Amino acid sequence: MALTITDPTGENIIEISDELRGKANGKIILSGRKNYVRIANTTRNLNIYARLGHNCRLQIGANINCQSLGIFQAKDSLVEIGDDFGCNGKGNLYLHEPSAISIGNGCLFADGVMLTTSDMHSIVDISTGTRINPAQDIYLGHRVWLGLNAMVLKGSRIGNGSIVGAHSLVSGKIPDNCSAAGNPAKVLREGITWNSQLL
4 MALTITDPTG ENIIEISDEL RGKANGKIIL SGRKNYVRIA NTTRNLNIYA RLGHNCRLQI
64 GANINCQSLG IFQAKDSLVE IGDDFGCNGK GNLYLHEPSA ISIGNGCLFA DGVMLTTSDM
124 HSIVDISTGT RINPAQDIYL GHRVWLGLNA MVLKGSRIGN GSIVGAHSLV SGKIPDNCSA
184 AGNPAKVLRE GITWNSQLL
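Our numbering puts the first residue of the sequence shown at 4, with every later residue one more than the last.
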């Protein structure tokens, strides 16, 4: 078990300790230049596959417990994952265009969660020839819980302490301390919090 890093250009900044490289698992591929990757050394369990293009930034905080996380960053993109992040199963973050995904402290992903900042194809207005679906950033506050197979689309913002139900699709804003579910996800209840322990 080891974390391997592929950096053919040697023109990237990588702040990952030898200790973490030995105890983590997976692969980070830096196919371009001017990338910055930092993973806190106090990570508990990390299985990651990340591919970065050019001029990307990937920062992962402390005390991570992640079974499987895929991160795919095109050029000029940013991923920030806060402390105490958990991923119970496989999650994927897609940034196919210049954009950002910010995940606060204490967030929890169930299996099959996907975040994407882009539609991955262009939608064009026929009359003007102008593309009308640019990429947009995604923001998750602190202690956000995403249920089984939840999908978060570009431009979404989920507030602190909120929960997104299984198989839901988020395409807008969810306030702090709410539970939301559905396609598209709608707020079902306000004034809630959650605990990873069964009280």
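Built from N, CA and C at the ideal position, the CB exists for glycine as well.
All values reported here derive from a predicted model rather than from experimental measurement.
Taking contact to mean 3 or more Cβ pairs, one atom from each stretch, closer than 8 Å, check whether the stretch 129-143 and the stretch 153-160 are in contact.
By the Cβ criterion, the stretch 129-143 is in contact with the stretch 153-160, since at least three pairs of Cβ atoms, one from each stretch, lie closer than 8 Å.
For the stretch 106-124 and the stretch 149-156, state whether three or more C-beta atom pairs, one from each stretch, are separated by less than 8 Å.
Touching, per the Cβ criterion.
Does the contact criterion of 3 or more C-beta pairs under 8 Å hold for the stretch 120-140 versus the stretch 170-190?
No, they do not touch.
Distance, Cα to Cα, SER102 vs ASP79?
For SER102 and ASP79, the gap between their C-alpha atoms comes out near 7 Å.
What are the residues that DSSP puts in a beta bridge with TRP197?
As DSSP reads the structure, TRP197 sits in no beta bridge.
Own chain, CB closer than 8 Å to GLU100, minus 5 neighbours either side, in chain order
Excluding residues within five positions, the ones whose Cβ falls inside 8 Å are ALA77, SER80, THR120, SER121, PRO137, ALA138.
From the DSSP output, read off the bridge partner residues of GLY185.
In the DSSP output, where bridge partners are listed per residue, GLY185 has ALA188.
Thinking just about the alpha-carbon of each residue, which of PHE88, GLY115, ARG41 is nearest to the one in SER199?
Per the Cα distances, PHE88.
Measure the Cβ-Cβ separation of ARG36 and THR12 and say whether it is below 8 Å.
In contact: ARG36 and THR12 (Cβ atoms closer than 8 Å).
Opening and closing residue of the alpha helix (DSSP H) in which GLY25 lies:
From DSSP, the alpha helix (DSSP H) with GLY25 extends over 21-26.
Taking C-alpha atoms, which residue in ILE106, LEU98, CYS59 lies nearest to ARG65?
What sits at residue 65 in the sequence shown is Ala, not Arg. Of the candidates ILE106, LEU98, CYS59, the one whose C-alpha sits nearest the C-alpha of ALA65 is ILE106.
Expressed to the nearest angstrom, what Euclidean distance is found between the alpha-carbon atoms of SER171 and ALA188?
Rounded to whole angstroms, SER171 to ALA188 spans 6 Å at the Cα level.
Tell whether a beta-carbon distance below 8 Å holds between GLY73 and TYR52.
It is a contact, given that the beta carbons lie within the stated cut-off.
Where THR46 falls, given that 16 or more other Cβ within 10 Å makes a residue buried:
It is buried - the Cβ of THR46 has at least 16 other Cβ atoms within 10 Å.
Which residues share a DSSP beta bridge with VAL40?
DSSP output for VAL40 lists ILE17, LEU61 as bridge partner(s).
Would you tell me roughly how many angstroms separate the C-alpha atoms of HIS57 and GLY94, rounded to the nearest one?
When only Cα atoms are considered, HIS57 and GLY94 end up about 23 Å apart.
Evaluate ALA184 with the Cβ neighbour count: other Cβ atoms within 10 Å of its Cβ, from every protein chain shown; 16 or more gives buried, anything less gives exposed.
The residue in question, ALA184, is buried, as its Cβ has 16 or more Cβ neighbours within 10 Å.
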